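Colleague: Got a structure here, written out as structure tokens. Questions coming.
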Amino acid sequence: TIPLSQAQIEIINNINELRIPEPQKLTLSALKCKKCRRTIMSTEDFVDHNKGKGQTAFAFKKRDSSSSIKCSSYFVEPLDWILNEVQEGELEGKIKCPKCQAKLGNFSWAGMQCSCGSWVTPSFAIHREKVDEVLT
Numbered sequence: 001t002i003p004l005s006q007a008q009i010e011i012i013n014n015i016n017e018l019r020i021p022e023p024q025k026l027t028l029s030a031l032k033c034k035k036c037r038r039t040i041m042s043t044e045d046f047v048d049h050n051k052g053k054g055q056t057a058f059a060f061k062k063r064d065s066s067s068s069i070k071c072s073s074y075f076v077e078p079l080d081w082i083l084n085e086v087q088e089g090e091l092e093g094k095i096k097c098p099k100c101q102a103k104l105g106n107f108s109w110a111g112m113q114c115s116c117g118s119w120v121t122p123s124f125a126i127h128r129e130k131v132d133e134v135l136t
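All residue numbers for the sequence shown refer to the UniProt record's numbering, where the first residue is 1 and numbers rise by one.
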């Protein structure tokens, strides 16, 4: 190996000091209807749930071959615009966008099982494929 001169060592040190800062991580801040783009809720309205055991939590006939445990829905608090659409006495039904009436998810006062295997009761689930995520 050829020894480096003092000038070359200084250049290498200067390059190492000029490292590009890591980009800030974007975080989810809100959800928008995928059809009309109306903001329907913020992350403050989300209901956290413990991850379940995945496919082993489902009955044998309901299992699929996927091994990922990513939740397919966002569980949210029962917001005013959702409750306005619920008919009195309804125990379960569809959640629709307040602007365009596109189906966004389902609700059930008795609860639902998340795709990760966990039960959420009562359940107001907004399906991930029906909304766009707003990242900030």
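We treat Cβ as the ideally placed atom computed from N, Cα and C, and that holds for glycine.
Everything numeric in this text was worked out from a predicted model, so none of it was measured.
Using a Cβ-Cβ cut-off of 6 Å (strictly less than) and excluding sequence neighbours within five positions of Lys53, which residues of its own chain qualify?
Modeller: For the purposes of this step, residue 53 is identified with residue 53 of the sequence shown, where counting begins at 1. Cβ neighbours of Lys53 beyond the five flanking positions: Gly117.
Colleague: Tell me which same chain residues have a C-beta within less than 6 Å of the C-beta of Thr121, skipping the five on either side of it?
Modeller: Sequence index remark: in the sequence shown, residue 121 carries index 121 (1-based). Answer for Thr121: Gly111, listed in chain order.
Colleague: DSSP three-state label for Thr39, please.
Modeller: As a first step, residue 39 must be located in the sequence shown, where it is residue number 39. In this structure, Thr39 counts as strand in the three-state DSSP scheme.
Colleague: Less than 9 Å between the beta carbons of Leu104 and Ser29, yes or no?
Modeller: Taking the sequence shown and counting its residues from 1, the one referred to as residue 104 is at position 104. Taking the sequence shown and counting its residues from 1, the one referred to as residue 29 is at position 29. Against a cut-off of 9 Å, the Cβ pair of Ser29 and Leu104 comes out as no contact.
Colleague: Among residues of its own chain, excluding the 5 on either side of Lys99, which ones have a beta-carbon nearer than 6 Å to its beta-carbon?
Modeller: The sequence position of residue 99 within the sequence shown is 99, counting from 1. So the list reads Cys36, Arg38, once near-sequence residues are dropped.
Colleague: Suppose you measure from the CA of Cys33 to the CA of Glu22; what does that come to, to the nearest Å?
Modeller: On the sequence shown, residue 33 is found 33 positions in, with the first residue counted as 1. On the sequence shown, residue 22 is found 22 positions in, with the first residue counted as 1. Their Cα atoms are separated by approximately 31 Å.
Colleague: Exposed or buried, which one is Ile95 when buried takes at least 16 other CB atoms within 10 Å?
Modeller: The sequence position of residue 95 within the sequence shown is 95, counting from 1. The residue in question, Ile95, is buried, as its Cβ has 16 or more Cβ neighbours within 10 Å.
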